[in-house]
Amino acid sequence: SATIAKDETPEIIFNRNWPFNLRKNKLITELPYIGKEYKISFELLITEFPSAADPTQSVIHIGLGGDAGKYGDRNPAVWLSKDKLFHFTSSISGNNNYWFDTEIPLEENEWLEIEISQTLTDGKYVYEVSIDGASLHTIENVKPEQFGPVKVFAGDNFYSAAKAKIRNLSIYTRKG
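The numbering used here runs 911 ahead of the 1-based position in the sequence shown.
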């Protein structure tokens, strides 16, 4: 179910619970905006890691529609690497392509809970990535913006899609 209304809507909640395979250029939805505060969570089952011939594969990509040409094109986006690691990116503090890679190798055929959020805490916008409830990375975003409209891809059009399934995809954002 999705609650998507006009751009004046103070908050957006999008949910897709049933499992689905990733594929290149798989547009899940388009939202009027993603605000300065958001929480994106999903479970991911990796069935096969990328090979050396195709070393980086798209998992989820939320943004203005481009690859990384402008601020807001990746807000956020996730890839899987041949090294069995996640590559997380987002538009942080003026950098179109702020990124970090996870350090612990992932396993195939095991559901992982991923949460990417940006929240206003003590007057600062904090970007955070957690896997299975453990916070892996936090950084202050000194240039948070509301971007819109945004496209939500489960496999973008710029990279091959990861060989994986997503379930329980949830996107929450609000204006402000």
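Heads up, the beta-carbon is just placed ideally off N, CA and C, and yes, glycines get one too.
Does the beta-carbon distance from residue i to residue j come in below 7 Å?
i, j, result
"D984", "L975", "yes"
"L956", "A1072", "no"
"Y982", "G1059", "no"
"I951", "I1077", "no"
"G1066", "S969", "yes"
"T1084", "I973", "no"
"I1027", "P987", "yes"
"K995", "L1017", "yes"
"P961", "K1086", "no"
"Q1057", "G946", "yes"
Quick one: residues in its chain with C-beta nearer than 7 Å to the C-beta of residue i, no 5 flanking neighbours on either side, listed in chain order?
i, result
"P966", "S992 and K993"
"S912", "At S912 the pLDDT is 46, less than 50, meaning the model places this residue with poor confidence and gives no usable figure here."
"A916", "Its pLDDT being 44, under 50, A916 is placed unreliably by the model, and the measurement read from it follows with that caveat. Hits under 7 Å: none found."
"N932", "K1076"
Nearest CA to the CA of residue i: which residue from the options?
i, options, result
"I1042", "E941, E954, G980 and R1085", "E954"
"E941", "G1044, F931 and K1062", "K1062"
"F1093", "G1005, G980, I1025 and N1006", "The chain is shown from 912 up to 1087; residue 1093 falls before or after that span and cannot be answered."
"V1104", "A1045, G1005 and Y1009", "This structure gives no information on residue 1104, because the portion of the chain shown stretches from 912 to 1087."
"V1053", "N1006, G1044 and P930", "N1006"
Using C-beta distances below 8 Å, list every residue in its chain close to residue i, excluding the 5 sequence neighbours before and after it, in chain order.
i, result
"T1030", "E948, K950, Y1036, V1037 and E1039"
"A963", "K993"
"E1021", "L956 and I957"
"P930", "L956, K1076, I1077 and R1078"
So residue i packs on residue j, CB below 8 Å; how close in whole Å?
i, j, result
"D978", "F1069", "4 Å"
"E959", "E1014", "That belief does not hold up - the Cβ atoms of E959 and E1014 are roughly 21 Å apart, past 8 Å."
"I1003", "F1064", "Not really, about 20 Å apart at Cβ, beyond 8 Å."
What residues in its chain sit with their C-beta under 6 Å from that of residue i, if we drop five residues either side in the sequence?
i, result
"L1080", "R927 and F953"
"G1044", "none"
"T914", "Since pLDDT at T914 reaches only 46, below the 50 mark, its modelled position is unreliable, and no value is offered."
| query | Does the region 932-944 come within contact of the region 1042-1052, defined as at least 3 CB pairs closer than 8 Å? | reply | no
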